[in-house]
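Enquirer: In our numbering, the protein residues as written are 2 to 1235.
1. Quick check: the stretch 741-752 against the stretch 770-781, are there 3 or more CB pairs under 8 Å?
2. Can you tell me where the alpha helix (DSSP H) with residue 228 in it begins and where it stops?
3. Of all the options 508, 466 and 478, which has the alpha carbon lying nearest to the alpha carbon of residue 491?
4. Residue 1052 to residue 1083, Cα distance in whole Å?
5. Return the CA-CA distance between residue 94 and residue 120, expressed in angstroms with no decimal places.
6. Contact between the stretch 528-544 and the stretch 140-155 is defined here as three or more beta-carbon pairs at a separation below 8 Å; is this criterion met?
7. Quick one: what's residue 1032 bridged to in DSSP?
8. For residue 788 versus residue 846, is the C-beta distance shorter than 9 Å?
9. Between residue 723 and residue 550, what straight-line distance do the alpha-carbon atoms span, to the nearest angstrom?
10. Whose C-alpha, out of 1095, 1190 and 1123, is nearest the C-alpha of residue 1165?
11. Could you pull out every residue in the same chain whose Cβ sits closer than 7 Å to the Cβ of residue 1076, ignoring the five residues on either side in sequence?
12. Leaving out five residues on either side along the sequence, give the residues of the same chain with a beta carbon under 6 Å from the beta carbon of residue 268.
13. Going by other Cβ atoms of all chains shown within 10 Å of its Cβ, with 16 needed for buried, is residue 1006 buried or exposed?
14. Taking all protein chains shown into account, do 16 or more other C-beta atoms lie within 10 angstroms of the C-beta of residue 494, making it buried, or fewer, making it exposed?
15. Could you tell me the alpha carbon to alpha carbon distance between residue 599 and residue 447, rounded to whole angstroms?
16. Alpha carbon to alpha carbon, how far is residue 1069 from residue 1043?
17. How about residue 190 and residue 160: do their beta carbons lie closer than 9 Å?
18. How many Å lie between residue 1156 and residue 590 at the Cα?
19. What did DSSP end up calling residue 792 once you bin it into helix, strand or coil?
20. Please specify which runs of the alpha helix (DSSP H), each continuous and at least 4 residues long, are wholly inside the stretch 473-521, giving them in chain order.
21. If you run the structure through DSSP and keep just helix, strand and coil, what is residue 826?
22. Going by other Cβ atoms of all chains shown within 10 Å of its Cβ, with 16 needed for buried, is residue 105 buried or exposed?
23. Answer with buried or exposed for residue 720, where buried requires no fewer than 16 other C-beta atoms within 10 angstroms of its C-beta.
24. Taking the alpha-carbon positions, what's the residue 244 to residue 564 distance?
25. Looking only at its chain, what residues have a beta carbon closer than 7 Å to the beta carbon of residue 794, apart from the 5 residues adjacent to it on each side?
26. Looking at the secondary structure, which residues open and close the alpha helix (DSSP H) in which residue 1105 lies?
27. Applying the criterion that 16 or more other CB atoms from any shown protein chain within 10 Å of the CB defines a buried residue, is residue 586 buried or exposed?
28. Is residue 87 helix, strand or coil by DSSP?
29. Determine the extent of the alpha helix (DSSP H) in which residue 846 is found, giving its start and end residues.
30. What number of angstroms, rounded off, separates the C-alpha of residue 327 from the C-alpha of residue 365?
31. With a threshold of 8 Å on Cβ separation, who are the neighbours of residue 238 within its own chain once the five nearest residues in sequence on each side are excluded?
32. What residue does the alpha helix (DSSP H) around residue 350 start on, and which one ends it?
33. Does the Cβ of residue 1212 lie closer than 8 Å to at least one heavy atom of the ligand FMN?
34. Specify the secondary structure class of residue 244 as computed by DSSP and reduced to three states.
35. Closer than 8 Å by C-beta to residue 755: which residues in its own chain qualify, once you throw out the five before and the five after it? Chain order, please.
Set out below in structure tokens:
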């Protein structure tokens, strides 16, 4: 009955239980406050309204019951009213009503159930479980309460209680599938495998095999999962094979079969299974590794068995033959081959990848760098062979000792590969050289700019890296990956506002970017923001982002509640088990560790320096901000406060006016986190435990977590927890330099507190035996330095300890820290930057002499010339500016040359039938072009015209015939050029003009294909038609204006004539004056109408002949670029199709490809410009014409209605001035006496 009811009216689980008990007249235990039939019917309607989210109606019915003095304190009604109020956001009032209802009727299971639902909505799961248990004491067989209780027990991982509750449900509803599966699941989670297997097998026997579907397939996989976890592999394999026809997930079936066969020792059969899996996914590395295990081909890293290597090599050679497009066999074969056998394979594979244009080629060979012997051979091969590849491809487009001509992209991807190779080796100059060559070869390849940004990032210059990744993003603005990378680089460079704006480009319009990031759980973005804010000293904003990440993880854990009932009903149990196990260790994710690491550092900084924790103007003043920056920050804070207040008011208004369902959704939103409160906390160490406890409880694998935990507990005087952090960090990385600092601090703490913590000394002696061997901490530190004198990290740790033990040894400690030699380990810019930051920290080294720090910067600057950390702000800014100017100087010169070239382009008209026009154009003297290919502004006019249109920047006189005024400019330009330059300019101009005109003729005669962009061309045709229609509108409005003006002038003359006759005819003087006054009013209104029409025509003229014409000019440039692009494209295709190739074919091919790429880029850029301008035109046109049509309608209607006030208001609205005609009276003429 209940299942039928659910299928007819699906309800939420908890509410369905109430509705089921109340509406369907179940027989729950009697309440201490029973209702009469009328009120009981109203109570049923309350529950129904709650189910259907008709909250206002539910409150109305509750009011009807409670308004009766006899039932004003009815507990169940008060509880239901509180439950409804909780749904519309009135949580405090709702909780009071629910508690009041429970006090009034403590024997009602409904009241306890509602109270449990209230506690569950507040995420107080322990209190909710208590409430549900009290409800079950009253109604022990209430199905819905039992289900709610079981889900909460599973949420809290009370597995024994969950098993007991599911068993109770199983006894009450033994005919339901959910009862069987839920009970089996509870047995499985409590590791009672035998009984779980019996329950699942008994349930499977009751199922009809003909009705098997996806849910039955999932049930079989879950049953097999229980067999496997129980260790019954033989039975699991038999079960899998006997039900293989009913398991629809074939990949899971094969993977489980292979796993079971391997565990049973049937490796040969398992190998056949993994061959089948490789046929489905040829690049899965796990399948190859498992196949090697099946064939006993795995050898240790130190074992060099030639026979084993040959067998493995034979396997992978066969895999390469079977799957020629797979990269995984190549990568894995390189991992185990000896160094002398990898050279020929690398050359063949690299050439294949370069010809294919495969950007991840470097990732295939990265495995070579792990083995030092292979890396040495590989780098020698790279230096010797790959550079010869570059030279040969640059000169003749061939690989050395090969005759086949390679495509130009082969050289491009070789540049790309070598840039990544040298970047991996930290050879910044070589990496930049090759990536710059690649950009020069193909300036439109996005990957090259991304590699250049990565090179600068690895070199330590995030500002330059952000600049180049922004260049990459500008080339492909629709790519979300590049957009996200650009935002990440900007945040790491300290450009927080730019990074937020960059990420907000993919957010739906009308939404706040920051709130959207939080709702979409952009954790990587929030972590990068937190780091950027921490570096900028904005601790409040940094903590806010960290707490938002922590809230995301809490939400993910809470969201699993929705799956407890759903997955059991839908029988997706295998995925559900994986979900539960993932949730148990969710905070082991690296995102949580990164957020926790940032938050712990901030809280420690706040604790150590409370005065620096403030946000806003005080913090800025303490950080040395200027008065101008303080005023700017003050204005920014005022704007933010005003904006926040306005948002709060708008939210209040929207909550009042929103619908009932909208109210419920708004109330589910969590409260915002206040950055100011977080930064001004009075107990930072207690707040830090929110992030620290999960890391320690889950046995985090990051040693930095335990080092930060040690610092927190060191400040809280928790020696045993300090010892715990030391031992776990030592278990992960016993040679970590920071571990030495923690040990010395702990030992020093024990020495300073020997009398008060005897238990601690006893425990320390058991788990930290080296404490007894340390008699003098200074000697212990000196021995550590002697053992690690070649490591900068360890020397820095020794220096910190030296100053910590004796502050008088500052000079010696600083000398130990800043010593850098080539023979030392880990000499990287990051380690040197860490040393520089530690020297600047007064808590670690006191006040260090600025000269020492500056000398250290200079030394690091020489060693790492690209790292921005060792430059001052002024020198860094000048260096970046110089780099950008030098890198853009060629571009600027080219733009100037293009401007000069565009200035010499002339107009040409030719008829389709009269080809002499083309001959006359070609016979003219050519203008001096300063580039190899000149873009001609050739435009198809209508359907039968060709025209070269000059750009707007050219004066009118240059658009005349070429032999007149334009010739003067030509002579001036030629006079400034040498003879060879003149000859080259004339030659290039003639070739370019010939190609473009030839392409135009070929298209007109139908002998050449043209590039068609249907979307853009349709918009252009529509724009031309629109311009024509607006031209018609402009002509008609001007005609109307011209026709109304004589009418207005005639009215004025007629009024004067009536006034003259009024003086002559005294008997009818009043009638004449009335008519004269009327005509004068008409004439005055006509003057206003003419002013409005003139204003209307002027704006239409601006729209038609200026705004639209500007877009049409870009369209003409675009169509000319299309013609040029097609001309050079056809030339390139003809060159590639040549059967008899000349000796200089390679150079001609390279030149043709360069010209093709250049004009393709210009064509695509102009196409983008056209689309942008057309979009802007559409928006501007709507705004302008909407106002003008409103003006036209109001003024014309007011004129013909004789409404002078409305006419004047229309003119005043648009600030239109009119010239009042003299002699128009504004008063009524005197009456003629009878």
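We put the CB at the ideal spot given by N, CA and C, even for glycine.
Expert: Short version:
1. Taking a cut-off of 8 Å on C-beta distances, the stretch 741-752 touches the stretch 770-781, as three or more cross pairs fall below it.
2. On the chain shown, residue 228 is found 227 positions in, with the first residue counted as 1. From DSSP, the alpha helix (DSSP H) with residue 228 extends over 215-230.
3. For the purposes of this step, residue 491 is identified with residue 490 of the chain shown, where counting begins at 1. With distances taken between Cα atoms, residue 491 lies closest to 466.
4. Here the question's residue 1052 lines up with position 1051 in the chain shown. Here the question's residue 1083 lines up with position 1082 in the chain shown. Going from the Cα of residue 1052 to the Cα of residue 1083 covers about 7 Å.
5. In the chain shown, the residue the question calls residue 94 occupies position 93. In the chain shown, the residue the question calls residue 120 occupies position 119. Residue 94 and residue 120 have their C-alpha atoms roughly 14 Å apart.
6. By the C-beta criterion, the stretch 528-544 is judged not to be in contact with the stretch 140-155, since fewer than 3 inter-stretch pairs fall below 8 Å.
7. On the chain shown, residue 1032 is found 1031 positions in, with the first residue counted as 1. Partner(s): none; residue 1032 has no beta bridge.
8. The residue given as residue 788 occupies position 787 in the chain shown. The residue given as residue 846 occupies position 845 in the chain shown. In this structure, residue 846 does not lie closer than 9 Å to residue 788 by Cβ.
9. In the chain shown, counting from the first residue as 1, residue 723 sits at position 722. In the chain shown, counting from the first residue as 1, residue 550 sits at position 549. Distance between the alpha carbons of residue 723 and residue 550: 26 Å.
10. Numbered from its first residue, the chain shown carries residue 1165 at position 1164. It is 1123 whose Cα lies nearest to the Cα of residue 1165.
11. Indexing the chain shown from 1 puts residue 1076 at position 1075. Correct list, in chain order: 1059.
12. The residue you call residue 268 lines up with position 267 of the chain shown. Hits under 6 Å: 295.
13. Here residue 1006 corresponds to residue number 1005 of the chain shown, with the count starting at 1. Answer is exposed; the Cβ neighbour count stays below 16.
14. Start at 1 with the first residue of the chain shown, and residue 494 comes out as number 493. Flag for residue 494 reads buried.
15. For this step, residue 599 is matched to residue 598 along the chain shown. For this step, residue 447 is matched to residue 446 along the chain shown. If you draw a straight line from the Cα of residue 599 to the Cα of residue 447, it comes to about 33 Å.
16. What you label residue 1069 is simply residue 1068 of the chain shown in a count that begins at 1. What you label residue 1043 is simply residue 1042 of the chain shown in a count that begins at 1. Using only the alpha carbons, I get a separation of about 35 Å.
17. Your numbering for residue 190 matches position 189 in the chain shown. Your numbering for residue 160 matches position 159 in the chain shown. For residue 190 and residue 160, yes; Cβs fall inside 9 Å.
18. The sequence position of residue 1156 within the chain shown is 1155, counting from 1. The sequence position of residue 590 within the chain shown is 589, counting from 1. Rounded to the nearest angstrom, the two C-alpha atoms are 51 Å apart.
19. Residue mapping note: residue 792 aligns to position 791 of the chain shown, counting from 1. Residue 792: strand per DSSP, three-state reduction.
20. Secondary structure remark: continuous alpha helix (DSSP H) runs of at least 4 residues inside the stretch 473-521, in chain order: 481-493, 497-504 and 514-520.
21. Here residue 826 corresponds to residue number 825 of the chain shown, with the count starting at 1. The three-state reading of DSSP puts residue 826 in strand, counting E and B together.
22. For the purposes of this step, residue 105 is taken as residue 104 along the chain shown, with counting starting at 1. Using a 10 angstroms sphere on the CB of residue 105, the tally of other CB atoms reaches 16 or more, which defines it as buried.
23. Residue 720 sits at position 719 when you count from the first residue of the chain shown. Label assigned to residue 720: buried.
24. The count along the chain shown starts at 1 and reaches residue 244 at position 243. The count along the chain shown starts at 1 and reaches residue 564 at position 563. Residue 244 and residue 564: Cα-Cα distance of roughly 27 Å.
25. For the purposes of this step, residue 794 is identified with residue 793 of the chain shown, where counting begins at 1. Closer than 7 Å at Cβ, skipping near neighbours: 738, 827 and 832.
26. Counting from one through the chain shown, the residue named residue 1105 turns up at place 1104. No alpha helix (DSSP H) contains residue 1105, which DSSP labels as neither H nor E.
27. Numbered from its first residue, the chain shown carries residue 586 at position 585. Residue 586 sits exposed, since fewer than 16 C-beta atoms from the chains shown fall within 10 Å of its C-beta.
28. Start at 1 with the first residue of the chain shown, and residue 87 comes out as number 86. The answer is helix: DSSP assigns residue 87 an H, G or I state.
29. For the purposes of this step, residue 846 is taken as the residue at position 845 of the chain shown. Annotation: the continuous alpha helix (DSSP H) that includes residue 846 extends over 843-846.
30. For the purposes of this step, residue 327 is taken as residue 326 along the chain shown, with counting starting at 1. For the purposes of this step, residue 365 is taken as residue 364 along the chain shown, with counting starting at 1. Residue 327 and residue 365 have their C-alpha atoms spaced approximately 11 Å apart.
31. As a working mapping, residue 238 is identified with position 237 in the chain shown. Excluding positions up to five away in sequence, the list reads 258, 261, 262 and 265.
32. On the chain shown, residue 350 is found 349 positions in, with the first residue counted as 1. That run of the alpha helix (DSSP H) goes 344-357.
33. By its list of ligands, the structure shown contains no ligand whatsoever, and the ligand FMN lies outside what it can speak to.
34. Start at 1 with the first residue of the chain shown, and residue 244 comes out as number 243. Secondary structure at residue 244: coil, using DSSP grouped into helix, strand and coil.
35. One-based indexing of the chain shown puts residue 755 at position 754. Beyond the five residues adjoining it in sequence on each side, residue 755 comes within less than 8 Å, by CB distance, of 762 in the same chain, given in chain order.
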